[in-house]
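Just below is one structure, and these are the notes that go with it.
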Amino acid sequence: MISVAEALQKIEAHKQKATPIRLPISKCLNYTTAENVHALINMPPFRQSAMDGYAVNTNETNIYNIIGEIKAGDAADVQLNVGDAVRIFTGAAVPNSANAVIMQEKTEVVKGALQVQEPPVDEQNIRPLGEQIKKGALALAERSKLTPSKLSFLASLGIAELNVYPKPKVGIVITGSELVTPGKTLPAGKIYESNSILLSTTLENDHIHDYSIYKVKDDYQSTKDLLSKVIAENDFVLVSGGISVGDYDFVGKALRNLNTTEIFYKIKQKPGKPLFFGKKDHTYIFALPGNPASALTCFYIYALPLLRNFSQHHQIHLPKTEKIISHDYQVKGVRAQFLKAIVTKKMWK
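Each position in the sequence shown, counted from 1, maps to that position plus 27 in the numbering used here.
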């Protein structure tokens, strides 16, 4: 039996990252970039009007001859001479011959001529070419988590596909002859099975969607056969129950006979002492206690960091903070303890 610190050291020593894959940008939400991403174009890709108003080739009279109109999406192929103006809208391309855009609130059209209230400043209300980002510049660094705003930004640069770190494929194995699916009649001596919901929704909550759930009775051969199949088909396997030392706990024996390498078994902690962590070929196996509180504790502290590192998340461990508890608590025994707590706003002061 090892300490929590020793278990975490062994987890750290077995971190591995997945081989990158290429996905359409529309499928990349909550993935992590596997390379630096550079801008394919300047943004904006042309001199762009920041206002609805008039693009002008300035003169000294503040009266301009209107020669046309440019809306968003039009080519800016209008040639303005000194004293000419063209009606323009936000986001439209500004002709190279224009040196200012005057917002419409500061103008008036009288008998077909544009009159402005004050002399324009050179380049006012014009977003220059590449103001936001220059072509070839770094748009997003490797290991950036792809949020909706980041994906939108990359799409605006013409990027259609990205190299990303894949999410892990996870097999969830639920063991126990005493378990009954919720919604069915509960016979005497049986309990409703909840750990498949616990583990699958915890994975979903961390944006891991590629998982399968398997269930097996307390039978050695069935357990061994199922574990062999699940280990071969997944990057990680989470086993719930059957890892203790009872007469009907067959998971440990099955894993040993499948030539699984044991990295550690049992931790000096409460809850979650009978935790197994091992590896077979490319697959990591966490055999979690059957008690839901114990299973969730072990998942968050030990399994989640490896799952997150597989996809190259920056933050692989749960965040930590220190607070003073509001009442006395007597620690019983020498094992590390993980307890439920509620943090109130008052405690943050």
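Think of the CB as a built atom: it goes at the ideal place given N, C-alpha and C, for glycine as much as any other residue.
- In this structure, the CA atom of Asp-274 is about 40 Å from the CA atom of Gln-339.
- For Pro-209, no alpha helix (DSSP H) segment is defined, and its DSSP state is neither H nor E.
- Annotated three-state conformation of Leu-285 is coil, per DSSP.
- Less than 8 Å separates the beta-carbon of Ala-77 from that of Ile-153.
- Leu-265 places its beta carbon less than 8 Å from that of Leu-315.
- Under the three-state reduction of DSSP output, Ala-82 falls in the strand class.
- Nearest in C-alpha terms to Ser-124, of all of Ile-94, Ala-140 and Val-136, is Ile-94.
- Leu-189 has Leu-50 as its beta-bridge partners, per DSSP.
- Phe-326 and Ala-120 have their C-alpha atoms some 54 Å from each other.
- Pairing Ile-270 with Phe-303 gives a Cβ-Cβ distance under 8 Å.
- Partner residues in the beta bridge of Lys-297, as assigned by DSSP, are Gln-364.
- The beta carbon of Leu-107 is closer than 8 Å to those of Ala-82, Val-83, Asn-84, Ile-94, Val-113, Pro-122, Ser-124 and Ala-125 in its chain, skipping five residues each way along the sequence.
- With three or more CB-CB distances shorter than 8 Å, the region 38 to 55 counts as touching the region 174 to 191.
- Arg-335: member of the alpha helix (DSSP H) spanning 331 to 337, first to last residue.
- When rounded, the separation of the alpha-carbon atoms in Glu-62 and Arg-170 is 7 Å.
- Between the beta-carbon of Val-197 and that of Asp-237 there is about 7 Å, and that keeps the pair under the 8 Å contact cut.
- A straight line joining the alpha-carbon of Asp-245 with that of Glu-260 spans about 22 Å.
- Judged by beta-carbon spacing, Thr-202 lies within the 8 Å limit of Ser-267, meaning their Cβ atoms are closer than that value.
- In the DSSP assignment, Phe-180 falls within the unbroken alpha helix (DSSP H) covering 175 to 183.
- Counting every other CB atom within 10 Å of its CB across the protein chains shown gives Met-28 a total below 16, marking it as exposed.
- Boundaries of the alpha helix (DSSP H) harbouring Gln-36: 31 to 40, taken from the DSSP string.
- Close CB contacts of Gly-157 within its chain, under the 7 Å cut and outside five residues either way in sequence, are with Asn-69 and Met-70 (chain order).
- For Thr-310, DSSP records a beta bridge to Lys-307.
- In the DSSP secondary-structure assignment, Thr-202 is bridged to Val-243.
- In this chain, the beta strand (DSSP E) harbouring Thr-134 covers 134 to 137.
- Beta-bridge pairing by DSSP links Val-143 to Thr-134.
- In the assembly as shown, Glu-289 is an exposed residue. Its beta-carbon has fewer than 16 other beta-carbons within 10 Å.
- Less than 8 Å divides the Cβ of Val-200 from the Cβ of Tyr-241.
- Between Ser-221 and Arg-335, the alpha-carbon positions lie close to 24 Å from each other.
- A direct Cα-to-Cα measurement between Pro-146 and Val-105 gives close to 22 Å.
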